[in-house]
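Novice: Chains as they are written, first to last, in this note's numbering: chain A, 171 to 298; chain B, 171 to 298.
Just so you know, even glycine gets a beta-carbon here, dropped at the ideal spot from N, CA and C.
Protein chains: 2
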Amino acid sequence: MNIGDVAERSGLPAKTIRYYEDIGFIKPRRGLNGYRHFDEKELHKLAFIGRARSLGFTIEDCRSLLALYEDKERASADVKDIAKQNLKEIDAKIADLKAMHATLSHLIDECAGDHRPDCPILKNLGQT
Amino acid sequence: MNIGDVAERSGLPAKTIRYYEDIGFIKPRRGLNGYRHFDEKELHKLAFIGRARSLGFTIEDCRSLLALYEDKERASADVKDIAKQNLKEIDAKIADLKAMHATLSHLIDECAGDHRPDCPILKNLGQT
DNA sequence: ATAAGGGTTCCAGCAAGTGGAAGGTCAAGG
DNA sequence: CCTTGACCTTCCACTTGCTGGAACCCTTAT
Chain A
171 MNIGDVAERS GLPAKTIRYY EDIGFIKPRR GLNGYRHFDE KELHKLAFIG RARSLGFTIE
231 DCRSLLALYE DKERASADVK DIAKQNLKEI DAKIADLKAM HATLSHLIDE CAGDHRPDCP
291 ILKNLGQT
Chain B
171 MNIGDVAERS GLPAKTIRYY EDIGFIKPRR GLNGYRHFDE KELHKLAFIG RARSLGFTIE
231 DCRSLLALYE DKERASADVK DIAKQNLKEI DAKIADLKAM HATLSHLIDE CAGDHRPDCP
291 ILKNLGQT
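1. Let me know if B:Y239 comes out buried or exposed under the rule of 16 or more other beta-carbons within 10 Å of its beta-carbon.
2. Please list the partners that B:K242 has in chain A, where partner means a Cβ-to-Cβ separation under 9 Å.
3. Taking the Cβ atom as the reference point for each residue, do A:S246 and B:R286 lie within a distance shorter than 7 Å?
4. Anyone know if the C-beta pair for B:I196 and A:A253 falls short of 7 Å?
5. When you compare only the Cα positions, how much space is there between A:A265 and B:G201?
6. How is the alpha helix (DSSP H) around A:H214 delimited, first residue to last?
7. Can you pull the chain A residues whose beta carbon is under 8 Å from the beta carbon of B:I264, in chain order?
8. Between A:P198 and A:E191, which are expected to be in contact by the criterion C-beta below 8 Å, what is the C-beta distance as a whole number of angstroms?
9. Helix, strand or coil for A:R206, going by three-state DSSP, please let me know.
10. What are the partner residues of A:R199, as DSSP defines its beta bridges?
11. What number of angstroms, rounded off, separates the C-alpha of A:K258 from the C-alpha of B:A217?
12. So with CB distances below 9 Å, who are the chain B contacts of A:F208?
13. For B:D279, would you say it is in contact with chain A, using Cβ-to-Cβ distances shorter than 7 Å as the test?
14. Within 7 Å of any Cβ in chain A, is that where the Cβ of B:I196 sits?
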């Protein structure tokens, strides 16, 4: 497979796949013309990374998860720890965003949103 | 005021204040020794930006909000539009994170998290 | 022969700062 | 007067995870 096929089948942009090679996730063979040539195993790996990324795992998390994935002696506790840490960070982000949402939607409700200059949003931001 | 005082009073790190000068938010005078010298107005502006940032507004949003803040002829509708756009983005992020949370916490619950290699989290990520 | 549609490399940039090195300045204590 | 430590200065690099673009090569069809 060339990079375009892998891009289509994995759902990742070709640019991203090249980037993943750069940072050492995959090492595809090269044809005589210099083209990358991927096998099913690499496609599978890329799809794995894509799914992990979509669940919020960092690149470094993906590295660890892949290592565990390929280690048939792994302890599921190690995987679970990484996942729990990620979940904690997701929850923290949600909490932050919810706080923003609360304040902001309140201010928006207060604001008339017409041609007049009076504005509770700016008033709040300008509060000493 | 020197930058350290402004940092303390605005809650922004000195580094960030210098960065905000770089990108044109403020233009503090300089003493003969080269030190930045801030007045209350600039402190106020920085605090304004800090609050806007903490509500999730981008730097470019802050630029617009600041311009509106200083424009006594502004229409509150313009402010409200920016805020509503930001709120939309916040909501989108929350939705994304909640989807991640749902999937991930489900997988975590399924995972025994012991010494055995069997792991639903990896199984899911590796699904073709 | 040429044009379209692959592929390649490398360099730059995004957001919004943060870290660190190398050096100048200021106020207080001995 | 000198030194010490806390400030301040600039500049450059790095962060995360890609993405865009330029310049160029390869393949296939017409």
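Specialist: This is what the structure holds:
1. Result: buried.
2. The answer, in chain order, is P287.
3. For A:S246 and B:R286, yes; Cβs fall inside 7 Å.
4. In this structure, B:I196 sits away from A:A253, with a CB-CB distance that is not shorter than 7 Å.
5. A:A265 and B:G201 have their alpha carbons spaced roughly 43 Å apart.
6. Here the alpha helix (DSSP H) through A:H214 covers 210-224.
7. The contacting residues are I264, L267, K268, H271.
8. The beta-carbon distance between A:P198 and A:E191, rounded to whole angstroms, is 7 Å. This is short enough to meet the 8 Å contact definition.
9. For A:R206, the secondary structure class from DSSP, reduced to helix, strand or coil, is strand.
10. A:H207.
11. A:K258 and B:A217: Cα-Cα distance of roughly 30 Å.
12. Correct list: empty, because the minimum Cβ distance to chain B is about 15 Å.
13. Not closer than 7 Å to any Cβ of chain A, the Cβ of B:D279 fails to qualify, so no.
14. No, because no Cβ of chain A sits closer than 7 Å to the Cβ of B:I196.
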